[in-house]
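Engineer:
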Amino acid sequence: MSYEDDQVEEKPFAIERAKQGRAVCKKCKKHCLQGEWRIAKLVANPFGDGKMKAWHHINCLFEQFLKQRKTTKRIEGPEEIDGWDALDQDLQNNILKQIEECDTFHGKAPTTPSKKKKPPASPMKPSTADSNKEKDKHVKNEVVSDKNELFKDFRKLIADIANHDSHLDKTSCIKKVFSEKFPDSSFKDQIILWSRLLLPGVVQRVYNLKSKQLIKLFSRIFVTDQSEMLEHLELGDIGETIHKFFEESTKVKPNKKSKLTVKEVDVFLNKLSTLTKEDDQIEHFKSLIPKCTSNDLKTIIRLIKGDLRMGAGAKTVLDAVHADAYQSYQTSRDLTLVINEFMSSGKKHKADVVLMTPVLPMLAEACKSVEQAINKCPNGMYSEIKYDGERVQVHKQGSTFKYFSRSLKPVLAHKIAHFKEYIPKAFPNANDLILDSEILMMDTVTGNPLPFGTLGVHKQTEFKDATVCLFVFDCIYFNGRSLIKKPLSERKKFLQDNMTEIPNRIMFSEMQEIRNKSELAKMIARVLKQGLEGLVLKDLQSIYEPGKRHWLKVKKDYLFGGAMADSADLIVLGAWYGTGKKGGMMSVFLMGCYNPDTDSYCTVTKVHTGHDDKTLEKLQNELDMIKISQDQSKLPKWLKCTKTMIPDFVARDPKKQPVWEITGAEFSKNVVHTANGISIRFPRVTKIRDDKDVQTATDLHELVKLYNASAENIDVSLLTKDLDSSQNDKPAKSPQKRKNTDSPETSPSKKQKTIEKKEKSSKQEKIPKQESSSAKKANKSKTAIFKGVKALLEDEMKKDDHADIVKHFIDHGGDILLDEEEEVATHVLHYYNLIREPLVVCPYTARHVTFEWIEDSISAGSLCDYRMYTVRWNPDG
1 MSYEDDQVEE
11 KPFAIERAKQ
21 GRAVCKKCKK
31 HCLQGEWRIA
41 KLVANPFGDG
51 KMKAWHHINC
61 LFEQFLKQRK
71 TTKRIEGPEE
81 IDGWDALDQD
91 LQNNILKQIE
101 ECDTFHGKAP
111 TTPSKKKKPP
121 ASPMKPSTAD
131 SNKEKDKHVK
141 NEVVSDKNEL
151 FKDFRKLIAD
161 IANHDSHLDK
171 TSCIKKVFSE
181 KFPDSSFKDQ
191 IILWSRLLLP
201 GVVQRVYNLK
211 SKQLIKLFSR
221 IFVTDQSEML
231 EHLELGDIGE
241 TIHKFFEEST
251 KVKPNKKSKL
261 TVKEVDVFLN
271 KLSTLTKEDD
281 QIEHFKSLIP
291 KCTSNDLKTI
301 IRLIKGDLRM
311 GAGAKTVLDA
321 VHADAYQSYQ
331 TSRDLTLVIN
341 EFMSSGKKHK
351 ADVVLMTPVL
361 PMLAEACKSV
371 EQAINKCPNG
381 MYSEIKYDGE
391 RVQVHKQGST
401 FKYFSRSLKP
411 VLAHKIAHFK
421 EYIPKAFPNA
431 NDLILDSEIL
441 MMDTVTGNPL
451 PFGTLGVHKQ
461 TEFKDATVCL
471 FVFDCIYFNG
481 RSLIKKPLSE
491 RKKFLQDNMT
501 EIPNRIMFSE
511 MQEIRNKSEL
521 AKMIARVLKQ
531 GLEGLVLKDL
541 QSIYEPGKRH
551 WLKVKKDYLF
561 GGAMADSADL
571 IVLGAWYGTG
581 KKGGMMSVFL
591 MGCYNPDTDS
601 YCTVTKVHTG
611 HDDKTLEKLQ
621 NELDMIKISQ
631 DQSKLPKWLK
641 CTKTMIPDFV
651 ARDPKKQPVW
661 EITGAEFSKN
671 VVHTANGISI
681 RFPRVTKIRD
691 DKDVQTATDL
701 HELVKLYNAS
711 AENIDVSLLT
721 KDLDSSQNDK
731 PAKSPQKRKN
741 TDSPETSPSK
751 KQKTIEKKEK
761 SSKQEKIPKQ
771 ESSSAKKANK
781 SKTAIFKGVK
791 ALLEDEMKKD
801 DHADIVKHFI
811 DHGGDILLDE
821 EEEVATHVLH
831 YYNLIREPLV
841 VCPYTARHVT
851 FEWIEDSISA
861 GSLCDYRMYT
871 VRWNPDG
């Protein structure tokens, strides 16, 4: 053997599986877990001769390459990586793809693998023929991929998705494109790329570019008047604004034919997310614009804004990959991992949590009665205090912590900074941990929680005797073991056994086991009397289901048809432009009240729900407004308004403005409003008060009284007055299957729902479809609950399946109108509580309610508040 043969050239990079899991990635500072592939860059050893390995996760190293200078050493080909031959073909292809992206990013023409220098021969290496065959296959796939990844095809797919209404049709569009362009698992990287771009709001890159900042950049690029662009932006779509001015620009002309590839756009967006200076961002856009058509640029802007306006989310896209992919994604929230798994084998994979990756939180639906709760939780339930704080998911891996909000975004540091000190003390045996919890400020003197909004960095300084406390109510991962499939009762016991309370720092969420109606009613009454937000109810045997609304939440505005909710009659003082389909029209309204002490008007809340599309259209002409475009200098003297509440429009004459009934969860305090800081949480318009004017609307003095009465005098008698002690202590019966009342496309097959009758009756006849209202009126009423209610039926309610419900309505005094009698209708009865558009011709004053309003009113013996049964319009649904 010659001397030359003895000399083994040291390669600048190395790859291997982590042996013990002790090495820490130099970029993200997390451990390279045992058995996972890790990659090292050889760097100078500061402690001696030779070099040492700086280990990284594979993706972390390539992310670092994208941020470094062009001249800094990076991987140029597989021949520079020691251990390359030990990798499987999928991992090799993935690394080759990332090398190519780095070359493109840094302006170097990528080279195909087949043209790269061959690594030295090895006894363990496959034959040359096999190696060339694999490389040829990779090159072939790359060529096909480039041909099939034109950005115009991606735009066409978005348009096809947007043109379909149903979830199934949208999914079929995506599945068809994926199957045609990417026929087998060798194209999974392309499917991951397309899926990431189809879900810009889910897989978020941070650009720090809001709409007005984009206008500023493009007014310079197009050499266009910025004020004109801002005026067009009032229509609500930044993509359309830039599209319009791109086509009209005399300095920069759009390309006639799209030449962009999907990969180029992805690389462009990656680099854009690293730029923070305005000049750098402009130069980066200028590098791409010559290749763009106006539609290309519009789509890229929508990608930056995180909304492609196609009415499709993660479920729509992932269902096109595999029927079970979305379920796995709900748990792991790792799009790349999920698609990789399902594309590799096509088999159903066990959905499980991934430490340090946020898990979609389990949610709760509104509970409107004690009976509903008992039926929903047949095994008994835990009732937990619903604290008025912020939901936080805590991840602990060794000494590393991450905190995620309800929307899975990182929690602000000032809210959770000190928990790193206390969590290890509360969980002394936990190395790895995921907790579901709530944070809020606790008064250390009284031991009482402080109200919502006190967690702000400035607010915390106002409460010297208060600390941020973590209230823990669930544990879903512990030392390498997922607990989401364990019953809640077991998870609670596990939490009790492994957590030690630290007063005012880490505490158990207050909880009580409930077995019957009287216990639950008393618990609800106690919580509401104490001024707490409400309760969360959970079945003892329920598992943790990420993203599912299988818990129940009890709040005072949900109970008894909203009879316990807070409301006020307020004046329309101003308005803002809406966005999306409501762009260019007033759809968010500033509500306020008159202050007789200063002869001025104060702001109370802003509201954007409660009006259907037809009413909104009428309001554009009926409201007499002056456009001020949020300009503080144009604010009239009669309006007392903080800077953050300056609207696009203000009333010309507040004395002539309409009065609306605004209902919400509760009165609250908010410093951005000028009515002594009084506001309304979760406001909605429940009635246009044509019978009231400014003089008879709620003024500031009355509002203060309402606020004080709401906080001090909660009437809980409704909870206990009708409870039959002989029935209360019986264990809950197994519930009937509950019907989903969402839109038809997403609802399962329906079963007829009947009303329980106190009196025995024979089988009732179905009503004739063409019977006149006067003939129906001739039926003898059992009660007069619905006297004066004249209702139209939407098409679903006219079906024979629902004849019993309609018959009950008539029996209790209601009138069913024929279509030609629509002008006198007071109500419209619907089957679904969420619809795309109103199809029934009726007066705009008619109240659109679901059939449950009939059932619950009959059960209660009087009309329930219709507001809790109001049908909602969702044009995007």
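Per UniProt numbering: the sequence shown = residues 1 to 877.
Ideal placement from N, C-alpha and C gives every residue a C-beta, glycine not left out.
Treat the numbers as computed from the prediction; the structure is a model and nothing was measured.
According to DSSP, simplified to helix, strand and coil, what is L635?
Structural biologist: By one-based count along the sequence shown, residue 635 stands at place 635. The answer is coil: DSSP assigns L635 none of H, G, I, E or B.
Engineer: When we look at the beta-carbon of I626 and count the other beta-carbons within 10 Å, is it buried (16 or more) or exposed?
Structural biologist: Residue 626 sits at position 626 when you count from the first residue of the sequence shown. The residue in question, I626, is exposed, as its Cβ has fewer than 16 Cβ neighbours within 10 Å.
Engineer: What do you get for S542, buried or exposed, if any count of 16 or more other CB atoms within 10 angstroms of its CB means buried?
Structural biologist: Counted from its first residue, the sequence shown places residue 542 at position 542. Result: buried.
Engineer: Examine the Cβ distances between the segment 597 to 611 and the segment 671 to 691 and report whether three or more of them are shorter than 8 Å.
Structural biologist: Yes, they touch.
Engineer: With distances taken Cα to Cα, identify the nearest neighbour of H395 among K30, E820, T826.
Structural biologist: Residue numbering aside, residue 395 sits at position 395 when the sequence shown is read from its first letter. When each option's Cα is compared against that of H395, the closest is K30.
Engineer: V262 and Q190: beta carbons closer than 9 Å?
Structural biologist: Counting from one through the sequence shown, the residue named residue 262 turns up at place 262. Counting from one through the sequence shown, the residue named residue 190 turns up at place 190. Taking 9 Å as the Cβ cut-off, V262 and Q190 qualify as a contacting pair.
Engineer: Round the Cβ separation of D557 and A665 to the nearest angstrom and send it over; I've been treating them as touching at under 8 Å.
Structural biologist: In the sequence shown, counting from the first residue as 1, residue 557 sits at position 557. In the sequence shown, counting from the first residue as 1, residue 665 sits at position 665. The Cβ separation is near 5 Å, so the contact holds.
Engineer: If we ignore side chains and look at the alpha-carbon of each, how far apart do H418 and R526 end up?
Structural biologist: Indexing the sequence shown from 1 puts residue 418 at position 418. Indexing the sequence shown from 1 puts residue 526 at position 526. Answer to the nearest angstrom: the Cα atoms are 32 Å apart.
Engineer: Any idea if H701 is buried or exposed, counting beta-carbon neighbours within 10 angstroms, 16 or more meaning buried?
Structural biologist: Within the sequence shown, numbered from 1, the residue matching residue 701 stands at position 701. Flag for H701 reads exposed.
Engineer: Our contact map puts Y382 next to L488 with C-beta atoms below 8 Å; I'd like the distance itself, whole angstroms only.
Structural biologist: Locating residue 382 in the sequence shown gives position 382, where the first residue counts as 1. Locating residue 488 in the sequence shown gives position 488, where the first residue counts as 1. About 7 Å; that satisfies the 8 Å criterion.
Engineer: Measuring straight from C-alpha to C-alpha, what distance separates I161 and H611?
Structural biologist: Residue numbering aside, residue 161 sits at position 161 when the sequence shown is read from its first letter. Residue numbering aside, residue 611 sits at position 611 when the sequence shown is read from its first letter. Taking the straight line from one Cα to the other gives about 28 Å.
Engineer: Between L33 and the ligand MG, is the CB less than 8 Å from at least one heavy atom?
Structural biologist: No copy of the ligand MG appears in this structure; indeed no ligand is present at all.
Engineer: What does W37 pair with, by DSSP beta-bridge criteria?
Structural biologist: By 1-based counting over the sequence shown, the position of residue 37 is 37. DSSP output for W37 lists R17 as bridge partner(s).
Engineer: Mind the definition here: the segment 618 to 635 touches the segment 273 to 286 only if three or more C-beta pairs lie below 8 Å; say whether that holds.
Structural biologist: Cβ pair count under 8 Å is below three, so no.
Engineer: Given a threshold of 16 other Cβ atoms within 10 Å of its Cβ, counted over all protein chains shown, does V841 qualify as buried or as exposed?
Structural biologist: Here residue 841 refers to the residue found at position 841 of the sequence shown. By the neighbour-count rule (16 or more Cβ atoms within 10 Å), V841 is not buried but exposed.
Engineer: Decide if N431 is buried, meaning its Cβ has at least 16 other Cβ atoms within 10 Å, or exposed.
Structural biologist: Working through the sequence shown from its first residue, we reach residue 431 at position 431. Under this definition N431 is an exposed residue.
Engineer: Tell me which residue opens and which closes the beta strand (DSSP E) that D811 is part of.
Structural biologist: Along the sequence shown, one-based indexing puts residue 811 at 811. Careful: D811 lies outside any beta strand (DSSP E), inside the alpha helix (DSSP H) at 803 to 811.
Engineer: Quick check on the burial criterion: 16 or more other C-beta atoms within 10 angstroms. Buried or exposed for K687?
Structural biologist: If you number the sequence shown from 1, residue 687 lands on position 687. The residue in question, K687, is buried, as its Cβ has 16 or more Cβ neighbours within 10 Å.
Engineer: When you compare only the Cα positions, how much space is there between W84 and Q34?
Structural biologist: Your numbering for residue 84 matches position 84 in the sequence shown. Your numbering for residue 34 matches position 34 in the sequence shown. Looking at the two C-alpha atoms, the distance is approximately 19 Å.
Engineer: Which of helix, strand or coil does DSSP assign to S781?
Structural biologist: Working through the sequence shown from its first residue, we reach residue 781 at position 781. Bear in mind that the predicted position of S781 carries a pLDDT of just 43, short of 50, making it unreliable; the figure below should be weighed with that in mind. Coil, per DSSP.
Engineer: Per DSSP, which residues does S679 bridge with? Please list them.
Structural biologist: Your numbering for residue 679 matches position 679 in the sequence shown. In the DSSP output, where bridge partners are listed per residue, S679 has S668.
Engineer: Please name the residue, chosen from S405, F478, R155, C292, that lies closest to K259 on a Cα-to-Cα basis.
Structural biologist: The residue you call residue 259 lines up with position 259 of the sequence shown. Among S405, F478, R155, C292, the Cα nearest to that of K259 belongs to C292.
Engineer: If you run the structure through DSSP and keep just helix, strand and coil, what is K606?
Structural biologist: Residue numbering aside, residue 606 sits at position 606 when the sequence shown is read from its first letter. Here K606 sits in strand by DSSP.
Engineer: Determine the closest residue to residue 956 out of K415, C469, I678, E501, with distance taken between C-alpha atoms.
Structural biologist: Past the edges of the chain, shown from 1 to 877, lies residue 956, and the structure says nothing about it.
Engineer: Flag this pair as yes or no: are the beta carbons of V588 and W660 separated by less than 9 Å?
Structural biologist: For the purposes of this step, residue 588 is identified with residue 588 of the sequence shown, where counting begins at 1. For the purposes of this step, residue 660 is identified with residue 660 of the sequence shown, where counting begins at 1. No; because the gap between Cβ atoms is not below 9 Å, this pair is not in contact.
Engineer: Which whole-angstrom value describes the C-beta separation of G580 and V554, a residue pair presumed to lie in contact below a C-beta threshold of 8 Å?
Structural biologist: Residue numbering aside, residue 580 sits at position 580 when the sequence shown is read from its first letter. Residue numbering aside, residue 554 sits at position 554 when the sequence shown is read from its first letter. No, G580 and V554 are not in contact; Cβ-Cβ is about 33 Å, not under 8 Å.
Engineer: Between the alpha carbons of G583 and A366, how many angstroms are there, rounded?
Structural biologist: One-based indexing of the sequence shown puts residue 583 at position 583. One-based indexing of the sequence shown puts residue 366 at position 366. Distance between the alpha carbons of G583 and A366 is about 31 Å.
Engineer: If you draw a straight line from the C-alpha of E100 to the C-alpha of N93, how long is it?
Structural biologist: To locate residue 100, count along the sequence shown from 1; it is residue 100. To locate residue 93, count along the sequence shown from 1; it is residue 93. Straight-line Cα distance between these residues: approximately 11 Å.
Engineer: List the DSSP bridge partners of V472.
Structural biologist: Stepping through the sequence shown from its first residue, residue 472 is reached at position 472. In DSSP, V472 forms a bridge with S437, F508.
Engineer: Q393 and S332: beta carbons closer than 9 Å?
Structural biologist: Counted from its first residue, the sequence shown places residue 393 at position 393. Counted from its first residue, the sequence shown places residue 332 at position 332. Not a contact, by the Cβ cut-off of 9 Å.
Engineer: Relative to the C-alpha of I854, which candidate in I81, P843, I785 has its C-alpha closest?
Structural biologist: Taking the first residue of the sequence shown as 1, we reach residue 854 at position 854. Residue I785 is the option with its Cα nearest to I854.
Engineer: My output table needs one value for M52: the three-state DSSP class, helix, strand or coil.
Structural biologist: The residue you call residue 52 lines up with position 52 of the sequence shown. The answer is strand: DSSP assigns M52 an E or B state.
Engineer: Which residue from N504, Q20, V472 puts its Cα closest to that of D465?
Structural biologist: What you label residue 465 is simply residue 465 of the sequence shown in a count that begins at 1. Taking only the C-alpha atoms, the option nearest D465 is N504.
Engineer: Between P596, M343, L233, which lies nearest to Q695 when the distance is taken from Cα to Cα?
Structural biologist: Sequence index remark: in the sequence shown, residue 695 carries index 695 (1-based). Measuring from the Cα of Q695, the nearest candidate turns out to be P596.
Engineer: Should the segment 289 to 304 be regarded as contacting the segment 230 to 245, the criterion being three or more beta carbon pairs within less than 8 Å?
Structural biologist: Touching, per the Cβ criterion.
Engineer: Please say whether V317 and D334 have beta carbons closer to each other than 9 Å?
Structural biologist: Within the sequence shown, residue 334 is the residue found at index 334, counting from 1. Within the sequence shown, residue 317 is the residue found at index 317, counting from 1. Contact flag unset, no.
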